[in-house]
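Visitor: This is the structure I want to talk about, given as C-alpha cells.
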Amino acid sequence: MTLLKTWQMPIILGMVLLLALFLPQMQLNLYVQMVLMYVGINIILTASLNLVNGYMGEFSVGHAAFMAIGAYASSILTVLILPRRWGPAEALRVLPVIGPELANGVYLVPAVLVGGAIAAVAGLVLAFPSFKTRGDYLAIVTLAFNMIVKSLLENSGDIGGLVARLIAPLSTSLSADVLRLSDAVGGPRGLLGMSKLTSLFWVYLWVIVSLFAMRNFIFSNFGRGVVSIREDETAAGLVSVNTRQVKVLTFVISSFFAGVAGGLFAHVLQFINPRSFTILKSTDILVMVYLGGIGSLMGSILGAAVFTILLEVLREVIPLVGLSEVWRWVVGPLLLVTLMIFRPRGIMGLREFKGFLPKEEEVKLEAAPAPP
Amino acid sequence: MPQPVTTLVQQTLNALQVGSVYALIALGYTMVYGILTMINFAHGDIFMVSTYLGFFAAAWLLGLALNMPLLVIFLSTLLLAMIGTATLAVIIERVAYKPLRQAPRISAVITALGVGIFLENFTLAVIGPEPRTIPPLFPLVNLNLSGVFVSTIQIVIIGVSVIVMIILDTIVRRSMTGMAMRAISFDKTIVPLMGVPVDRIISATFALGSAIAAVGGILYGMAYQLDPYMGIRIGWWAFISAVVGGIGNIRGAMIGGYILGFVEIFTPVFLPSSTYRDFVAFSLLLLLLVFRPTGILGRPIVQKV
C-alpha cells in the first residue's frame with residue numbers, strides 16, 4: 033500500500049499523458065479534443081495567475097497581456113524564423129522513428145519556451161515599477177499594461193514602419209526585416225500561418241511540467257516567502273524575507289507560464305489577433321482563479337476545468353430552452369456571483385489536494401488545526 | 274480667428290464635453306473606493322443601464338404627448354433615470370456586495386466583475402444589440418462663433434455636469450450624510466462606534482454615485498449612440514480618471530475626468546489615428562503612477578504595524 037501511495041502521483045500523471053497521446057488515435061471527436069486542449073491551456077493560465085493573486089496575495093488583472101506576448105513571440109518564431117532554417121514544420125512529420133506527434137515538438141518546444149521567456153522579460157520590466165507600494169497599485173499597472181500591449185499590437189503596422197524608417201540609414205537589411213515582421217504581426221488583422229503543432233499530448237505535457245514546477249516553487253524556501261507576504265508583508269520583512277525580490281521573481285515566473293500558455297494557444301487556434309487578448313480574457317482568467325480557489329493548485333485545475341466546460345455545456349443547453357446564445361453570458365456570471373456570496377474563497381480556497389503536497393507537508397497539515 | 278486657434282478652441286470644447294462624462298462616472302468609482310476600498314468594476318455597466326433607462330423614460334414621456342415643455346421632459350427623464358439607477362445600484366450593493374464585506378477583499382471585486390458582465394449581457398439579451406440614441410430633449414442648434422461650432426448639446430453637457438459636480442461637492446462637504454461618508458473613509462473601525470449608521474451610509478454612497486453616473490449617462494446618450502457593451506470602455510476610462518486624480522478623492526476624480534477627456538480628443542490630433550488613444554492614456558497613467566503613485570490629489574497611505 034505504501035508503495036502505491038508513494039507512486040500515486042507519478043502513476044496518475046503517466047496515465048494522463050498516455051491518455052492524451054492515445055485519445056486522438058481513438059477517433060475522439062475533434063470538438064471534444066479542442067475543449068480538452070483549452071482546459072489544459074486554461075489550467076496553466078489559472079495556476080500561473082494563482083501564484084501572484086493566490087499565493088502572494090497581490091492583485092494582478094492583466095494576465096492576458098503576457099499570454100499575448102507569449103503567443104505572438106512563439107508564432108513569429110514558427111512562422112518567420114524557424115522555417116527559414118529548418119524548412120516548413122509539416123516536413124518534419126515524415127521524420128523516421130519519432131512519429132508525427134512527437135515531431136511537432138521540434139518546433140513547438142523551442143517556440144513555447146521562447147514565448148515564455150519573452151513574456152518573463154516583459155514581466156520583469158513591469159514588476160520593477162509595480163511593486164513600489166502594495167494594494168491596488170499592481171491592479172492598475174497590470175490593467176494599463178494589458179491595454180498598452182493590445183494597443184501596440186493593433187498599431188504594429190505604423191510602429192514597424194516608423195522603426196524601419198529610423199534604422200534604415202544604419203542597416204537596410206535590418207530595416208527590411210522589421211518591415212516584414214510588422215507586416216506578419218498584422219495589426220488588427222492578426223497573425224496567421226501557424227501550423228497546428230499543439231495536440232492533447234503536448235498541452236498536457238506542459239500542464240504537468242508547469243504544475244510540477246509551480247508546486248516545487250511554492251514549497252521551496254523561497255515559496256514560503258511568497259506565502260508569508262500574503263499573510264503579512266511587514267512581518268515577513270521583519271523575519272528577513274527579501275519581499276521585493278520575492279515579489280519580482282514570483283511575478284516573472286507567473287508571466288513565464290502565461291507566455292507558455294499563450295504559445296500553446298496560438299498553435300491550437302493557428303490564428304491570433306489582438307482582440308483575443310483583451311481585458312475580457314484577463315477577466316476570464318481571474319474568474320477561473322477565484323472560482324477554483326486562491327492558493328491551491330488543485331483549485332486552479334478545478335476552476336479552469338469547471339469554467340471552461342460549464343461555458344461549453346451552457347452553449348449546448350441554452351438553445352434547448354429556446355433562448356439565444358447571449359444568455360450563456362447571463363447565466364455564467366450569475367452562477368459566479370452566487371458562488372462568491374455563498375463560498376467567497378472558491379471551491380478549494382487555501383486547501384490543497386493531498387497528492388500535490390510534499391511528504392513533510394502532509395504531516396504538518398494533519399497536526400495543524402483546519403484553517404477557518 | 275486663424276485656423277489653428279479655431280481648431281484648438283473647437284477641440285478643447287470637445288474635450289470638455291467628453292471629459293464631463295468621464296468625470297461624472299469617475300465620481301462613482303472614487304466615492305465607493307473611498308468608503309469601502311473596493312473597486313466597483315460594475316460601475317461602468319451601471320452607467321450603461323442608466324442610459325437605457327433614460328432612453329425609455331424619454332421615449333415614454335414624449336409618447337404620452339402631454340404637451341409638456343421640453344425642459345420639464347428633460348428634467349423628469351433625468352430624475353426617473355437617476356432614481357432607477359440608484360435603486361439598481363443599492364439592490365446590487367445589498368444583494369451582491371454586502372454579504373462579502375467580511376470576506377477577502379478580492380471576492381467582492383470578482384463579484385463586481387461578475388455583476389458587470391451580467392448587466393451587459395442581460396441588457397443585450399433583453400433589449401438587443403441595435404444602437405440607439407436618446408431623442409433630443411431640447412432644441413438642437415449649431416452656433417457658429419467665428420469659425421468654432423458650438424452645439425446646444427455641448428453647452429448642456431458641460432453646464433449640467435458642472436452644476437451636478439458643484440451640488441455633489443456641497444453634499445459631501447456640508448451635509449450630515451457627506452460628513453459621515455468622509456468619516457467612514459477616514460477610519461472604518463472607530464466611526465461605527467460613534468453611532469454612524471454605516472450600512473445606510475454605504476447604501477447612500479452607492480445611490481449617490483450611480484445617480485451621478487445616470488446624469489452622465491443621459492448626457493452621453495443624447496450625443497452618442499447606446500449599445501450594451503459601451504459601459505466597458507467608458508467605465509475603464511472613468512476608472513483611470515479616478516486613479517489619475519487620486520482614487521478616493523472627489524475633486525481629484527473631476528480633474529482626472531477632464532484630463533482623460535483631453536487625452537481622448539487630442540490623441541488623434543497629434544497621432545495618425547484614434548486607435549492610439551488607449552496607448553496614450555494608459556502610458557500616461559503608468560508614468561504618473563511611477564512618479565506619483567497616489568494620483569494628483571491623493572494622499573499617501575501610511576501602513577501602521
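Residue numbers (my numbering), protein chains in the order written: chain A, 33 to 404; chain B, 274 to 578.
Quick reminder that beta carbons are idealized off the backbone N, C-alpha and C, glycines included.
This one's a predicted model, so the numbers in the text were calculated from it and none came from an experiment.
1. Quick one: complete alpha helix (DSSP H) runs, 4+ long, within the segment 153 to 225 of chain A?
2. Quick one: what's got a C-beta closer than 6 Å to A/Ala399's C-beta in the same chain, skipping five residues either side?
3. Got a sec? Which residues, its chain only, sit under 8 Å from B/Met467 by beta carbon, not counting five neighbours each side?
4. Which residues in chain A sit within 7 Å of B/Asn394, going by Cβ to Cβ distance?
5. In chain order, what residues of the segment 534 to 565 of chain B put their CB closer than 7 Å to some CB of chain A?
6. Just the chain B side, please: which residues come within less than 8 Å of A/Thr315 by C-beta, in chain order?
7. Could you check whether the segment 255 to 262 of chain A touches the segment 271 to 281 of chain A, counting it as contact only if at least three pairs of C-beta atoms, one from each stretch, sit closer than 8 Å?
8. Rounded to a whole number of angstroms, what is the C-alpha to C-alpha distance between B/Thr384 and A/Arg197?
9. Name the residue from B/Leu533, B/Arg550, B/Trp509 and B/Gly534 whose alpha carbon lies nearest to the alpha carbon of B/Phe314.
10. Let me make sure I understand the geometry here. Which of A/Phe54, A/Ile75, A/Gly378 and A/Ile379 has the alpha-carbon closest to that of A/Val239?
11. Determine which residues of the segment 180 to 194 of chain A have a Cβ less than 8 Å from any Cβ of chain B, and write them out in chain order.
12. Give the single residue among B/Ile400, B/Ser380 and B/Phe347 whose Cα lies nearest to the Cα of B/Pro501.
13. Express the C-alpha separation of A/Leu134 and A/Phe54 in angstroms, rounding to a whole number.
14. For B/Leu544, which three-state DSSP category applies?
15. Any beta-carbon of chain A closer than 7 Å to the one on B/Val399?
16. Count the CB pairs spanning the segment 370 to 387 of chain B and the segment 511 to 531 of chain B that are closer than 8 Å, and state whether there are at least three.
17. Output the residue ranges of the alpha helix (DSSP H) runs that lie fully inside the segment 287 to 320 of chain B and measure 4 residues or longer, sorted by chain position.
18. So, under 8 Å CB-CB, B/Ile319 and B/Leu392 are touching, yes? Tell me the CB distance rounded to an integer number of Å.
19. Keeping to the same chain, check which residues put their C-beta closer than 7 Å to that of B/Ala480; ignore five residues upstream and five downstream.
20. Report the option in B/Val488, B/Arg374 and B/Gly525 whose CA atom is closest to the CA atom of B/Leu348.
21. Within 10 angstroms of its Cβ, does B/Met438 collect 16 or more other Cβ (buried), or is it exposed?
22. If contact means a Cβ-Cβ distance below 9 Å, which residues of the segment 347 to 375 of chain B contact chain A?
23. Go through its chain and collect everything with a Cβ distance to B/Leu544's Cβ below 8 Å, but skip five positions before and after it.
24. Please list, in chain order, the chain B residues whose beta carbon lies closer than 7 Å to that of A/Asp168.
25. Would A/Ser332 be called buried (16 or more neighbouring beta carbons within 10 Å of its own) or exposed?
26. Beta-carbon of B/Ile507 versus every beta-carbon of chain A: anything under 7 Å?
27. For B/Ile569, which of B/Gly518, B/Asn415 and B/Leu558 has the nearest alpha-carbon?
28. Where does B/Phe411 sit, in a helix, a strand or coil, going by DSSP?
29. I want to verify the contact list: residues of chain B whose CB lies under 7 Å from the CB of A/Lys164, in sequence order.
30. Is the beta carbon of B/Phe555 sitting closer than 7 Å to the one on A/Met179?
31. Between the segment 91 to 104 of chain A and the segment 154 to 174 of chain A, are three or more C-beta pairs nearer than 8 Å?
32. Indicate the three-state DSSP secondary structure (helix, strand or coil) for A/Asn82 in the structure shown.
33. If you measure from the beta carbon of B/Val516 to each beta carbon in chain A, is any gap under 7 Å?
34. For A/Arg377, return the contacting residues in chain B, with the cut-off set at a CB-CB distance below 8 Å.
35. For a test of the three-state rule: what should DSSP assign to B/Ile463, helix, strand or coil?
36. Can you check whether the CB of B/Thr450 is closer than 7 Å to the CB of B/Ala477?
Guide: By the coordinates alone:
1. Contiguous alpha helix (DSSP H) elements confined to the segment 153 to 225 of chain A occur at 169 to 186, 188 to 199 and 204 to 217, taking only those with 4 or more residues.
2. Here the model assigns A/Ala399 a pLDDT of 48, short of 50, so the residue's position is not dependable, and the following value carries that caveat. Same-chain partners within the cutoff: there are none.
3. Here the set comprises Ala456.
4. Residues of chain A with a Cβ closer than 7 Å to the Cβ of B/Asn394 are, in chain order, Val358, Trp361 and Val362.
5. Listed in sequence order: Pro545, Thr548, Tyr549, Asp551, Phe552, Phe555, Ser556, Leu558, Leu559, Leu562 and Val563.
6. Result: Leu386 and Ile390.
7. Segments in contact, yes.
8. For B/Thr384 and A/Arg197, the distance between alpha carbons rounds to 48 Å.
9. Of the residues B/Leu533, B/Arg550, B/Trp509 and B/Gly534, the one whose Cα lies closest to the Cα of B/Phe314 is B/Trp509.
10. Comparing Cα-Cα distances from A/Val239 to each of A/Phe54, A/Ile75, A/Gly378 and A/Ile379, the minimum goes to A/Ile75.
11. Those would be Ile180, Lys182, Ser183, Leu184, Glu186, Asn187 and Asp190, in chain order.
12. Ranked by how close their Cα comes to the Cα of B/Pro501, the residues B/Ile400, B/Ser380 and B/Phe347 have B/Ile400 in first place.
13. Taking C-alpha positions only, A/Phe54 is separated from A/Leu134 by approximately 13 Å.
14. Residue state, collapsed to three classes: coil.
15. Closer than 7 Å: no.
16. Output reads no: the segment 511 to 531 of chain B does not touch the segment 370 to 387 of chain B.
17. Fully enclosed alpha helix (DSSP H) runs of 4 or longer: not present.
18. About 7 Å; that satisfies the 8 Å criterion.
19. Leaving aside the five residues that flank B/Ala480 on each side, the residues in its chain whose CB is nearer than 7 Å to its CB run, in chain order, Ala359, Ala362 and Val363.
20. Here the closest residue by C-alpha is B/Val488.
21. Counting the other Cβ atoms within 10 Å of the Cβ of B/Met438 gives 16 or more, which makes it buried.
22. Residues passing the 9 Å Cβ filter: Val368, Ala369, Pro372, Leu373 and Gln375.
23. Once the five neighbours on either side are set aside, the close Cβ partners of B/Leu544 are Val553.
24. Those are Ile312, listed as they occur along chain B.
25. That one is buried.
26. For B/Ile507, not one C-beta of chain A is nearer than 7 Å to its own C-beta.
27. Ranking the options by Cα distance to B/Ile569, first place goes to B/Gly518.
28. In the structure shown, B/Phe411 falls within a coil segment according to DSSP collapsed to helix, strand and coil.
29. The contact set of A/Lys164 on chain B, defined by CB atoms closer than 7 Å, consists of Pro566 in chain order.
30. For the 7 Å CB-CB criterion, B/Phe555 and A/Met179 form a contact.
31. Yes: at least three Cβ pairs fall under 8 Å.
32. If DSSP states are grouped into helix, strand and coil, A/Asn82 belongs with the helices.
33. Taking a beta-carbon distance threshold of 7 Å, B/Val516 counts as an interface residue toward chain A.
34. Within chain B, the residues near A/Arg377 are Ala376, Pro377 and Ser380.
35. B/Ile463: coil per DSSP, three-state reduction.
36. Their beta carbons are under 7 Å apart, which means B/Ala477 touches B/Thr450 by this criterion.
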